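Asks: Handing you a structure now.
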Amino acid sequence: MKRILLAVVVIVVMSSGSLAGGQKSLSKAMLLSLAMPGAGELYLGYGGRAKAMLASEAAVWCAFAGFRIQGNMRKERYKELAKLFAGVEGSRDDDYYRLLSLYISSEDYNIDVMREARQRYPNDRAKQLEYFEANGYFGDDSWQWDSLAHMDEFEMTRTRSREAYRRAVLTTGFTVLNRVVSVLDVYLSFKLDRGQDNRGISLNFRQVSPNRFTCYLSKSF
176 MKRILLAVVV
186 IVVMSSGSLA
196 GGQKSLSKAM
206 LLSLAMPGAG
216 ELYLGYGGRA
226 KAMLASEAAV
236 WCAFAGFRIQ
246 GNMRKERYKE
256 LAKLFAGVEG
266 SRDDDYYRLL
276 SLYISSEDYN
286 IDVMREARQR
296 YPNDRAKQLE
306 YFEANGYFGD
316 DSWQWDSLAH
326 MDEFEMTRTR
336 SREAYRRAVL
346 TTGFTVLNRV
356 VSVLDVYLSF
366 KLDRGQDNRG
376 ISLNFRQVSP
386 NRFTCYLSKS
396 F
């Protein structure tokens with residue numbers, strides 16, 4: 176993954192002519208970092224910080240892929256449980272699987288549907304039956320768990336699958352943070368190299384584990 180990201184950055188940089196000699200552009204460096212954290216640093220010649228940002232970006236996407244794979248595996252697992260122990264056949268939507276985690280059988284669910292039908296249409300038997308037939312599960316759509324233990328296992332596996340998917344979505348938020356940090360880094364580095372007013376301020380990176388980096392601002396007096 177890291178090699179792929181680095182290859183993308185090199186292609187972007189080369190296509191923009193940034194590896195050629197001449198005066199460096201702050202706006203170009205910031206745009207490169209916005210497109211890919213570390214690209215702006217690479218363009219300005221800060222190889223060490225570029226590697227840190229690229230490693231951070233690669234770690235985020237590896238985590239995203241890991242959570243997605245985990246979610247998919249657990250999803251297939253709870254579908255298999257439903258098939259083996261509740262008699263569910265074919266592909267079903269998420270609402271259906273949600274009901275499987277709440278009711279041990281479709282018959283129990285249908286009882287609640289009929290109760291709701293009576294509440295909605297207390298004096299209209301025809302409407303009650305129409306509502307019941309429209310919202311109940313019958314025939315091939317019915318289910319019956321063989322035990323509460325398998326039903327609980329299904330519910331736990333489904334919950335863990337959904338949690339893995341949520342974590343994958345949350346992980347993508349770090350890609351935004353990486354870009355903000357990278358843009359700030361190239362801005363400060365560019366200004367410092369040219370002796371601007373923010374002299375003495377720097378954005379630093381420190382490796383705390385093989386796949387984890389921290390960044391912090393420092394100022395010398």
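Yeah, the sequence shown ends on 396 if you go by the numbering used here, and it's all consecutive. Don't be surprised by glycine CBs; every beta carbon is placed ideally from N, CA and C. Keep in mind that this is a model prediction, so the values were computed, not measured.
Between S357 and the ligand ATP, is there a pair consisting of the residue's CB and a ligand heavy atom that are separated by less than 7 Å?
Replies: Of the ligands one can find in the structure shown there are none, so the ligand ATP has no counterpart to examine.
Asks: Leaving out five residues before and five after S280 in sequence, what residues of the same chain have Cβ atoms less than 7 Å from its Cβ?
Replies: Within the sequence shown, numbered from 1, the residue matching residue 280 stands at position 105. Excluding positions up to five away in sequence, the list reads W318, Q319 and W320.
Asks: How many Å lie between N353 and G314 at the Cα?
Replies: Within the sequence shown, the letter at position 178 stands for residue 353. Within the sequence shown, the letter at position 139 stands for residue 314. If you take the alpha carbons of N353 and G314, they lie about 52 Å apart.
Asks: On the three-state DSSP scale, how would you describe Q198?
Replies: Looking up residue 198 in the sequence shown gives position 23. Note: Q198 maps to coil in three-state DSSP.
Asks: What is the C-beta distance between A204 and G215, in whole angstroms, given that I count them as a contact (C-beta under 8 Å)?
Replies: The sequence position of residue 204 within the sequence shown is 29, counting from 1. The sequence position of residue 215 within the sequence shown is 40, counting from 1. Confirmed, about 4 Å.
Asks: Taking the alpha carbon of V288 as the reference point, which residue from P297, Q245 and Y306 has its own alpha carbon closest?
Replies: By 1-based counting over the sequence shown, the position of residue 288 is 113. Answer by Cα proximity: Y306.
Asks: Work out the CA separation of A240 and D283 for me, nearest whole Å.
Replies: Taking the sequence shown and counting its residues from 1, one reaches residue 283 at position 108. Taking the sequence shown and counting its residues from 1, one reaches residue 240 at position 65. Going from the Cα of D283 to the Cα of A240 covers about 39 Å.
Asks: Work out the CA separation of D299 and V344 for me, nearest whole Å.
Replies: Position 169 of the sequence shown, counted from the first residue, corresponds to residue 344. Position 124 of the sequence shown, counted from the first residue, corresponds to residue 299. Straight-line Cα distance between these residues: approximately 47 Å.
Asks: Report buried or exposed for A301, applying the criterion of at least 16 other Cβ atoms within 10 angstroms of its Cβ.
Replies: What you label residue 301 is simply residue 126 of the sequence shown in a count that begins at 1. By the 10 Å Cβ count, A301 comes out exposed.
Asks: With DSSP run on the structure shown, which of helix, strand or coil describes S317?
Replies: Position 142 of the sequence shown, counted from the first residue, corresponds to residue 317. Here S317 sits in coil by DSSP.
Asks: Under the DSSP definition of a beta bridge, which residues are partnered with M280?
Replies: Numbered from 1 along the sequence shown, position 105 holds the residue referred to as residue 280. The sequence shown places Ser at residue 280, not Met. In DSSP, S280 forms a bridge with Q319.
Asks: Does DSSP classify V263 as helix, strand or coil?
Replies: By one-based count along the sequence shown, residue 263 stands at place 88. Coil.
Asks: In whole angstroms, give me the CA-to-CA distance for F349 and R295.
Replies: In the sequence shown, the residue the question calls residue 349 occupies position 174. In the sequence shown, the residue the question calls residue 295 occupies position 120. C-alpha separation (whole angstroms): 48 Å.
Asks: Are the beta-carbon atoms of F365 and Y253 separated by less than 8 Å?
Replies: Here residue 365 refers to the residue found at position 190 of the sequence shown. Here residue 253 refers to the residue found at position 78 of the sequence shown. Contact: no.
Asks: Using beta-carbon positions only, say whether G213 and L229 come within less than 8 Å of one another.
Replies: Counting from 1 along the sequence shown, the entry for residue 213 is found at position 38. Counting from 1 along the sequence shown, the entry for residue 229 is found at position 54. In contact: G213 and L229 (Cβ atoms closer than 8 Å).
Asks: Between Y340 and G265, is the Cβ-Cβ spacing less than 8 Å?
Replies: What you label residue 340 is simply residue 165 of the sequence shown in a count that begins at 1. What you label residue 265 is simply residue 90 of the sequence shown in a count that begins at 1. Against a cut-off of 8 Å, the Cβ pair of G265 and Y340 comes out as no contact.
Asks: Out of I286, F242, Y312 and E251, which has the shortest C-alpha to C-alpha gap to Y271?
Replies: For the purposes of this step, residue 271 is taken as the residue at position 96 of the sequence shown. Checking every option, the nearest Cα to that of Y271 belongs to Y312.
Asks: So the candidates are Y362, V351, L363 and E338; which of them puts its Cα closest to the Cα of E232?
Replies: Taking the first residue of the sequence shown as position 1, residue 232 is located at position 57. For E232, the nearest C-alpha among the options comes from V351.
Asks: Report the residue from A210, A309, L277 and A225 whose alpha carbon sits nearest the alpha carbon of D360.
Replies: As a working note, residue 360 is residue 185 in the sequence shown. Cα-wise, what sits closest to D360 is A225.
Asks: Nearest to L275 by CA position, among L206, V235, G220 and M331, is which residue?
Replies: Mapped onto the sequence shown, residue 275 falls at position 100. Of the candidates L206, V235, G220 and M331, the one whose C-alpha sits nearest the C-alpha of L275 is M331.
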